[in-house]
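Remarks on the structure that follows.
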Ligand SMILES: Nc1ncnc2c1ncn2[C@@H]1O[C@H](COP(=O)(O)OP(=O)(O)O)[C@@H](O)[C@H]1O
Ligand SMILES: [Mg+2]
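Protein chains in written order, with the UniProt record's numbering: chain H, 1 to 252; chain D, 1 to 434.
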C-alpha cells in the first residue's frame with residue numbers, strides 16, 4: 001500500500017526527516033510514537049504533500065505510484081487521508097458545502113458519479129453516526145469555534161466520508177477526554193475493515209488500548225529507531241522514552 | 001460659458017451638449033445653468049489634487065464620447081438577465097426613460113417616477129427644492145451631472161410609509177462611447193422604510209461607456225433606507241459616482257456597493273449623521289485584468305451617540321488595482337460616537353496593487369473609533385487543508401475567496417438581491433454555484 005524508502009525532508013534548511021523506511025501493507029495499522037519534536041507531524045505532512053517541506057531524498061510508493069510526484073489533491077483523490085493534528089478553522093465555508101465539494105471531487109477522480117444533494121445527505125447521515133457527531137456542526141463554518149474534541153471528531157467524520165485507502169491520524173487523541181477518545185477510536189475501528197490501512201501518530205500509548213496496532217515504530221530525531229509489535233507501546237508506557245533515547249545516543 | 005481647455009474633450013463636448021439641451025426641461029433651466037457655469041470654470045481633477053492622487057482621470061476626460069443617442073430597440077428579452085425577482089424596475093435606455101420596459105408601482109405614500117413626470121405633478125416644488133441642493137455642484141463631476149440632467153428618478157416616501165418591494169433603476173447602454181448621467185433624488189420622510197438598487201447594463205457589446213452618476217438621499221428621523229449599487233459592467237466601462245446621504249436623528253442608512261470590474265471606477269460615498277443614527281457602508285470589489293476601482297468614503301459624525309460601521313473587502317487578480325480611502329470625521333459635539341472601519345484585501349496575483357488609507361479626524365474626546373486594513377495573499381494553511389481533502393487548487397482558492405466575500409454579501413437584506421449578488425460574485429470568482 002505505502003512503501004517509504006529512505007525519505008529525507010527539511011524545512012528552511014533544517015533537516016528534519018533523516019532517512020525514514022516504512023512498509024505498510026493493506027489492512028495494517030501502524031502506530032508511530034516518539035517524543036515531541038521528533039518529526040512525526042513532518043512525516044505526516046510530507047506524505048500529504050505540504051509544500052513548505054523540501055524532500056531531499058528517498059521515495060514513496062503509494063499503490064504502485066510515485067506519491068511524491070503528486071499534488072496534495074491528487075494524493076487525496078487516490079485515497080490518502082490526513083487527519084490534521086491542528087484542524088484549520090475556515091470562516092465562511094460551511095462544513096457541509098466543503099465536504100460535498102471534496103467528496104464529489106474525490107468521486108469524480110475515481111470515476112464515480114458525483115452525489116446529488118439527496119444522496120449526499122443520506123451518506124452524511126450514515127457516516128455521522130460513526131463518530132456520533134452533532135448535526136449542528138454540519139451547517140457551521142468549517143471547524144470555526146469547534147471545541148478540540150469536535151474538531152477531532154470532525155476529522156474522523158471527513159475520513160469516513162472520503163473513504164480513503166490509507167489514513168494518517170496525527171495525534172487525533174490529543175486534547176480528548178476519555179469518552180471522546182473512545183468515540184473517536186470506535187469510529188476508526190468501524191472503518192478498519194481489513195483493506196484500509198492506518199498510520200496512527202501518537203505521543204501516548206493510551207489511544208493504542210482502543211486502536212490496537214499491528215506494528216509500533218518509534219521516531220526519534222527524524223529516524224525510526226525502534227520497531228516492534230503492540231508490546232513495544234506498553235513498554236514505552238511503562239518506561240518512557242528515555243531508555244530508547246539512551247540506547248540510540250549510546251550507539252552513536 | 002465656454003472656456004476651452006486643452007485635452008478636455010469631455011468638457012468641451014459636455015458644454016456643447018448642455019447648451020443644446022438647456023431648454024429641454026423648462027423647470028430645470030435655472031439650476032442647470034448655474035451648475036453649468038460652475039462646471040465651465042472648474043477643471044477636472046488631476047493627480048495633484050489630494051483626493052485624486054491615485055486616480056488619474058486624464059484619459060477619461062480627454063476622450064471623445066457621444067452625448068447623442070441613436071435609436072435603440074431594446075426588448076424585454078435583452079434585459080431579462082438583469083431583472084431581479086420581486087424587485088420593481090425603472091429602465092433607462094441610453095439615458096432615456098423607457099416606460100415599456102419599466103415595471104414599478106408608484107403610490108400616494110411612496111412616489112416613484114421620472115423627473116419629467118414629477119415636474120408635471122404636485123411633486124414639482126419638492127423636487128426643485130432638493131435637486132442639486134445636497135451634492136456639491138462645484139465638484140466637476142457633480143456639476144457636469146447636474147448641468148446635464150434632463151432625466152432622473154425621484155423617490156419620495158411620505159411619513160411612516162413602508163415599501164416592502166425594492167426598486168431597481170437599470171441604466172441600459174447599447175451604443176459605444178456613450179456618456180450617461182443617471183441622477184437619483186431620494187427623500188425618505190420620518191419613519192419611512194425603502195430599499196433601492198442602482199445597476200447598469202451594457203448591451204450589444206457597447207464599449208467605452210462613461211457613467212457619471214449622482215444620488216442625493218435625504219433620510220428623515222427614524223427612517224430606514226437601503227441603498228445597493230451593483231457595478232458589474234464590462235472591462236471598458238468607466239464609472240464615476242457620487243452619493244450624498246444626509247441622515248436625521250435615529251435614522252438608519254445602509255449602503256452596499258459591489259463592483260466586479262471596470263476600466264476606471266471611482267465611487268464617492270458621503271454620509272452625514274444626526275444623533276442616534278446608524279450608518280453602514282459595505283463594499284466588495286472583485287477585480288481582474290486591468291480593472292481599477294477607487295472607493296472614497298466619508299462619514300461625518302456631527303451629533304452625539306451615533307454609530308457608523310464600514311467594511312470594504314477586495315479580491316484582486318491580474319494587474320488590477322484598488323484604492324480605498326475612508327474618512328471618518330467626529331465633530332466636537334459628537335460625543336459617544338462609535339465608528340468602525342475595516343478594509344481587507346486579498347491579492348491573488350503578484351501584479352495586483354492596493355492602496356488603502358484610513359483618515360480619522362476626531363475632535364470629540366469621548367468616542368470609540370477603530371480602523372484597520374489588511375493586504376495579503378490567501379493564507380496557506382486553509383489552502384493546504386482543502387487540497388489535502390481532495391479539492392483542486394483552483395477550486396480551493398475560489399472557495400476561500402468566496403468565503404472571504406461572504407460577510408459583505410450577507411449585509412444585503414433582500415434575499416433575491418442577495419442571491420443575485422452571490423451568483424455574480426461566485427461567477428466572477430470562478431466558483432459557479434449549482
Ligand atoms: N514550519 C516549521 N519551521 C521550522 N521548523 C519546524 C517547522 N515545523 C516543524 N519544525 C521543526 O521540526 C521538528 C519536528 O517537528 P514535528 O514534525 O512537528 O514533530 P512532532 O510532530 O514529532 O512533535 C521540530 O524540531 C520542529 O521545531
Ligand atoms: Mg506533531
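Using N, Cα and C, we set each Cβ at its ideal position, and we do this for glycine too.
Status (buried if at least 16 other CB within 10 Å, exposed otherwise) for residue i
| i | result |
| --- | --- |
| residue 18 (chain D) | buried |
| residue 372 (chain D) | exposed |
| residue 4 (chain D) | With a pLDDT of only 45 at residue 4 (chain D), under the threshold of 50, the placement of this residue in the model should not be trusted, and no figure is reported. |
| residue 2 (chain D) | Residue confidence for residue 2 (chain D) is low, a pLDDT of 41 falling below 50, so the modelled location carries little weight and cannot support an answer. |
| residue 420 (chain D) | buried |
| residue 99 (chain D) | exposed |
| residue 132 (chain D) | buried |
| residue 238 (chain H) | exposed |
| residue 29 (chain D) | exposed |
| residue 29 (chain H) | buried |
| residue 164 (chain H) | buried |
| residue 105 (chain H) | buried |
| residue 199 (chain D) | buried |
| residue 162 (chain H) | buried |
CB contact flag (residue i, residue j, <8 Å)
| i | j | result |
| --- | --- | --- |
| residue 280 (chain D) | residue 309 (chain D) | yes |
| residue 155 (chain D) | residue 256 (chain D) | no |
| residue 192 (chain D) | residue 152 (chain D) | no |
| residue 293 (chain D) | residue 318 (chain D) | no |
| residue 42 (chain H) | residue 76 (chain H) | no |
| residue 425 (chain D) | residue 405 (chain D) | yes |
| residue 144 (chain D) | residue 67 (chain D) | no |
| residue 238 (chain D) | residue 259 (chain D) | no |
| residue 219 (chain H) | residue 32 (chain H) | yes |
| residue 72 (chain D) | residue 103 (chain D) | no |
| residue 247 (chain D) | residue 272 (chain D) | yes |
| residue 401 (chain D) | residue 383 (chain D) | no |
| residue 83 (chain H) | residue 202 (chain H) | no |
| residue 253 (chain H) | residue 191 (chain H) | The shown model of chain H, from 1 to 252, leaves out residue 253 (chain H), and the question about it has no answer. |
| residue 109 (chain D) | residue 58 (chain D) | no |
| residue 69 (chain D) | residue 48 (chain D) | no |
| residue 403 (chain D) | residue 93 (chain H) | yes |
| residue 195 (chain H) | residue 138 (chain H) | no |
| residue 181 (chain D) | residue 201 (chain D) | no |
| residue 327 (chain D) | residue 304 (chain D) | no |
| residue 322 (chain D) | residue 338 (chain D) | no |
beta-carbon residue i near ligand 2 non-hydrogen atom, thresh 7 Å
| i | result |
| --- | --- |
| residue 255 (chain H) | What is shown of chain H runs 1 to 252, which leaves residue 255 (chain H) out entirely. |
| residue 238 (chain D) | no |
| residue 45 (chain H) | no |
| residue 40 (chain H) | yes |
| residue 85 (chain H) | yes |
Near ligand 1: residue i beta-carbon under 7 Å from a heavy atom
| i | result |
| --- | --- |
| residue 282 (chain D) | no |
| residue 49 (chain H) | no |
| residue 5 (chain H) | no |
| residue 204 (chain D) | no |
| residue 52 (chain H) | yes |
| residue 14 (chain H) | yes |
| residue 34 (chain H) | yes |
| residue 244 (chain H) | no |
| residue 11 (chain H) | yes |
| residue 37 (chain H) | yes |
Distance cut-off 7 Å: residue i Cβ against heavy atoms of ligand 3
| i | result |
| --- | --- |
| residue 315 (chain D) | Ligand 3 is not part of the structure shown, which contains ligand 1 and ligand 2 as its ligands. |
* Asked: Is it a yes or a no for the region 198–212 of chain D touching the region 175–187 of chain D, going by three-plus beta-carbon pairs under 8 Å?
  -> yes
* Residues of the region 204–235 of chain H with Cβ closer than 7 Å to any Cβ of chain D, in chain order -> none
* Between the region 52–61 of chain H and the region 25–41 of chain H, are three or more C-beta pairs nearer than 8 Å? -> no
* Asked: Using 8 Å as the Cβ pair cut-off and three pairs as the minimum, do the region 182–190 of chain H and the region 122–136 of chain H touch?
  -> yes
* Take every Cβ of the region 185–199 of chain D, pair it with every Cβ of the region 140–151 of chain D, and state whether three or more of those distances are shorter than 8 Å. => no
* How about the region 46–55 of chain H and the region 225–234 of chain H: do they share at least three Cβ pairs that are nearer than 8 Å? -> no
* **Members of the region 36–48 of chain H near chain D, C-beta cut-off 8 Å** => 48
* Asked: Using 8 Å as the Cβ pair cut-off and three pairs as the minimum, do the region 347–356 of chain D and the region 381–388 of chain D touch?
  -> no
* Short-range partners of chain D found in the region 185–198 of chain H, where Cβ spacing is below 9 Å -> none
* To do: Would you be able to state if there are at least three C-beta pairs under 8 Å between the region 269–287 of chain D and the region 243–253 of chain D?
  => yes
* Report the residues of the region 390–407 of chain D with a CB closer than 9 Å to any CB of chain H, ordered along the chain. => 390, 391, 392, 393, 395, 396, 399, 400, 402, 403, 404, 405, 406 and 407
* Asked: Closer than 7 Å, Cβ to any Cβ of chain D: which residues of the region 2–32 of chain H, in chain order?
  -> none
* Quick one: which residues of the region 285–300 of chain D get their C-beta closer than 8 Å to a C-beta of chain H? List them in chain order. => none
* To do: Could you list the residues in the region 359–393 of chain D with a C-beta less than 8 Å from some C-beta on chain H, going in chain order?
  => 380, 381, 382, 384, 385, 386, 387, 388, 389, 390, 391, 392 and 393
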